[in-house]
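Engineer: Structure incoming, see below.
Numbering (the working numbering), first residue to last: 6 to 247.
Written out as structure tokens, the structure reads:
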């Protein structure tokens, strides 16, 4: 059976039998992969904690008919340990991993999604920014990579130049007064500015934002995400916000 080696981020794990686990990973070049790590739950396992969610690893596997098998693992970035020490960062990371699971397909190369997730986990581990802002930035950008980029300035329906005052999840973001569907929300202008900065990576603006605008923005991002992936994310309910 052919061997392959790749960088990967562990998304989740499932128990298999008495000592094994099924590891779901997002790889840099091969997309999402599921592989069996044999004996990993034993105390003397040579893989140990390297195959825990949030870890960035160099993994070698051989291909199987239904599941691949892990044969070698080297740690590249132990983000999981640093993130797990802070509950807010941990819940944000869990939401990121669950989102990546929903936005990627097995064996479909998703290099942009991999790099985006790796960068977000690094920001959480290094405490570079508020964890909630890192989460929202990741969610917005991962949606954009998947083809669902929201608009926070021009009208998402007709393209009329903004800024506009209304936001509609189903329409794709900001909407003008002509296109505004019933039930649209009216966020503060500062919230639009914050969300636009998170999407483009303008951290000077994002870090200077107020808590009330962050909370409002988070609600819009969560609704936008779950509308487009057509399901709720269980981990989002556990995220603590300032």
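Cβ atoms here follow ideal geometry from the backbone N, Cα and C, with glycine treated the same way.
These figures come from a predicted structure and were not determined experimentally.
Would residue 150 pass as a contact of residue 107 if the rule is Cβ separation under 8 angstroms?
Structural biologist: In the chain shown, the residue the question calls residue 150 occupies position 145. In the chain shown, the residue the question calls residue 107 occupies position 102. Taking 8 angstroms as the Cβ cut-off, residue 150 and residue 107 do not qualify as a contacting pair.
Engineer: Below 8 angstroms, how does it come out for the region 169-177 and the region 217-235: are there three or more Cβ pairs, yes or no?
Structural biologist: Yes: at least three Cβ pairs fall under 8 angstroms.
Engineer: When DSSP labels each residue in this structure, what does residue 223 get in the three-state scheme?
Structural biologist: The residue labelled residue 223 in the question sits at position 218 within the chain shown. In the structure shown, residue 223 sits in a helix (DSSP, three-state: H, G or I).
Engineer: Bridge partners for residue 162 per DSSP, in chain order?
Structural biologist: For the purposes of this step, residue 162 is taken as residue 157 along the chain shown, with counting starting at 1. According to DSSP, which records beta bridges pairwise, residue 162 is partnered with nothing at all.
Engineer: Our contact map puts residue 61 next to residue 84 with C-beta atoms below 8 angstroms; I'd like the distance itself, whole angstroms only.
Structural biologist: Translated into positions along the chain shown, residue 61 becomes position 56. Translated into positions along the chain shown, residue 84 becomes position 79. Going by Cβ atoms, the distance from residue 61 to residue 84 rounds to 6 angstroms, so yes, they are a contact pair.
Engineer: Residue 25 to residue 241, Cα distance in whole Å?
Structural biologist: The residue you call residue 25 lines up with position 20 of the chain shown. The residue you call residue 241 lines up with position 236 of the chain shown. Whole-angstrom Cα-Cα distance: 28 angstroms.
Engineer: Please list the terminal residues of the continuous beta strand (DSSP E) segment that includes residue 101.
Structural biologist: Indexing the chain shown from 1 puts residue 101 at position 96. No beta strand (DSSP E) holds residue 101; the alpha helix (DSSP H) holding it covers 92-108.
Engineer: At the level of alpha carbons, what is the spacing between residue 35 and residue 187?
Structural biologist: What you label residue 35 is simply residue 30 of the chain shown in a count that begins at 1. What you label residue 187 is simply residue 182 of the chain shown in a count that begins at 1. Distance between the alpha carbons of residue 35 and residue 187 is about 43 angstroms.
Engineer: For a test of the three-state rule: what should DSSP assign to residue 137, helix, strand or coil?
Structural biologist: Position 132 of the chain shown, counted from the first residue, corresponds to residue 137. Correct three-state label for residue 137: helix.
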